[in-house]
Amino acid sequence: VVYQPQTCEPARDEDGDIILESAITIEGDVQIDVEEGLEVEFVGWPPQGDDFYTRSQIVWTPAKAEIDGVELELTGEYLRPTTSVQPDPNVGLTRPSLVSEWDRTGSQISQEVTARLLAADEMPLAPFMDGEPFLGDDGQVIAPNVVGEISSQGSITGLSLDEAQRLSRLLNTGAFPIPLEVIQQNEVDATLGDSAVRNSVIAGEIALLLIMAFMILYYRLPGVTAALALVVYTSLVLMVFKMWPVTLTLAGIGAFILSVGMAIDANILIFERMKEELRIGRNLIVSLEDGFSRAWSSIRDSNISTLITCAILYWFGNQFDEASIKGFAITLAIGVLLSMFSAIVVTRTFMKLAISYRPIARRLWLFAADLPDVDRQEMRGAPAVAGGASGQPSARSEED
């Protein structure tokens, strides 16, 4: 909408007080004298570019003209979408000129409005959008003075190149009268992202079940304790995510699944060391403690290496502002720290509870397939060697 100054009403300041007089001090400050409730007219027009040429001193009204007995506003409805930035013919290439063109009806309105403003001492016109004027680079209203009648085509000079290009884009955008009619209304959800997250969660659940099944089938009773520890580990990770608000992306879910595999890797190291101790004849309690103590150095070093990698990934993600990389690094680091706690504390606690039950402790085949029961060992008897000074051959006794 094109606006013109409304000279039949008093100009008011930002507080609504009527402006009696405006002046510029020697220091360049604006001095405004106001008196509340006094009816005055805003007469005359200050030169364009003065400091007191601001919206607070101008009352704008839509530019209207009567065409064929109907009063019409000069709006972008009548503006052809051909507004362009061209060199100012009076200055040359150094200053731009914004050239716009009206259609037939717009030309009639523009000619009448500009003729009226030209007769009123070259009053200005200002384009408005949604009730707000266009502002220039200096924050002032773009309101060129009318220096001639404008019918079908007009130009605005005195703008900077950035102002002219910006105003050209806005005028061309608003020049298309596009009526909007609601034909159909739908609510669209993020189905692609939701499907990807759902599939990732399903993949994580399948991974947990497969890992637990493998541990139980291969490691037997220790595998059962590892599966229980894995359930505790998963619960701890989700609890941390709940306490510390975390938005899980696909990268974060991938890091969580990876940390599950690393958590079970520590249990595998412990159980293999424990089986080695049992095969050389140590009892369960000693084998359990030796398995944890001798596997700890490998678990510690591998997890520290992973944490260093997480720190590097987070640094790279922070440098390139990649949230997915940072999310992967943070999720993996949390998983690694909790996996160490799960393997060293939770698994050991479950194992001690299991071997404290005598019927379980006497069945070594629950811990390794190639180990016999303690009862069967006692039935066969243990080999005994007896020797004397006479050099008699040793005798081996066997109880049936």
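Here the numbering used here runs 9 ahead of the position in the sequence shown, where the first position is 1. Beta carbons are placed, not taken as given, at the ideal position from N, Cα and C, and that holds for glycine. These numbers were taken from a predicted model, which means no experiment stands behind them.
Where the alpha helix (DSSP H) through residue i begins and ends
| i | result |
| --- | --- |
| Gln120 | 113-128 |
| Ile165 | No alpha helix (DSSP H) contains Ile165, which is instead part of the beta strand (DSSP E) from 162-166. |
| Val249 | 230-252 |
| Ala342 | 332-350 |
| Arg372 | Arg372 -> no alpha helix (DSSP H), and no H or E assigned at all. |
| Met360 | 356-364 |
For residue j and residue i, believed in contact at Cβ under 8 Å, the rounded distance
| i | j | result |
| --- | --- | --- |
| Val246 | Ser177 | Contact doesn't hold; Cβ gap of about 56 Å is too wide. |
| Leu126 | Leu168 | Wrong, their Cβ atoms sit about 19 Å apart, outside the cutoff. |
| Leu83 | Ile118 | 5 Å |
| Ala272 | Ser348 | 3 Å |
| Glu110 | Gln194 | Actually they do not touch by this definition, with Cβ atoms about 37 Å apart. |
| Asn276 | Ala238 | 7 Å |
| Ala216 | Val269 | 6 Å |
| Val355 | Val241 | 5 Å |
| Gly290 | Thr340 | Not a contact, Cβ separation roughly 44 Å. |
| Thr166 | Arg104 | 7 Å |
| Leu88 | Leu180 | 6 Å |
| Ser285 | Val295 | Before going further, note that residue 285 is Glu rather than Ser in the sequence given. Glu285 to Val295, Cβ: 12 Å. No contact. |
| Leu278 | Ile308 | 6 Å |
Beta-bridge partners of residue i, as assigned by DSSP
| i | result |
| --- | --- |
| Gln149 | According to DSSP, which records beta bridges pairwise, Gln149 is partnered with nothing at all. |
| Leu88 | Trp111 |
| Ser82 | Going by the sequence as given, residue 82 is Glu instead of Ser. Note: Glu82 sits in a beta bridge opposite Lys73. |
Coarse secondary structure for residue i, derived from DSSP in three states
| i | result |
| --- | --- |
| Trp69 | strand |
| Glu285 | helix |
| Arg104 | strand |
| Asn292 | coil |
| Leu144 | strand |
| Ala377 | coil |
| Ile262 | helix |
| Asp97 | strand |
| Thr63 | For Thr63, the pLDDT reaches just 46, beneath the cut-off of 50, and the residue's location in the model is therefore unreliable, although a value from the coordinates is still provided. Thr63: coil per DSSP, three-state reduction. |
| Ile76 | strand |
| Asp42 | Bear in mind that a pLDDT of 46 at Asp42, under 50, signals an unreliable position, so the model cannot answer this. |
| Glu158 | coil |
| Glu190 | coil |
| Leu257 | coil |
| Phe329 | coil |
| Met221 | helix |
| Val383 | At Val383 the pLDDT is 48, less than 50, meaning the model places this residue with poor confidence and gives no usable figure here. |
| Met132 | coil |
| Leu322 | helix |
| Ser311 | helix |
Start and end residues, beta strand (DSSP E) containing residue i
| i | result |
| --- | --- |
| Met138 | 135-138 |
| Ser177 | Careful: Ser177 lies outside any beta strand (DSSP E), inside the alpha helix (DSSP H) at 170-182. |
The stretch 210-223 / the stretch 309-323 touching (three or more Cβ pairs under 8 Å): No: the two stretches stay apart, fewer than three of their Cβ pairs being nearer than 8 Å.
The stretch 355-363 in contact with the stretch 226-237 per 3-pair CB rule at 8 Å: Touching, yes.
Cβ pair count under 8 Å reaching 3, the stretch 71-79 against the stretch 146-153: With the cut-off at 8 Å, the stretch 71-79 and the stretch 146-153 do not touch.
Any 3 or more C-beta pairs closer than 8 Å across the stretch 297-310 and the stretch 333-342: As far as the Cβ criterion goes, the stretch 297-310 does not touch the stretch 333-342, which means the pair count is below three.
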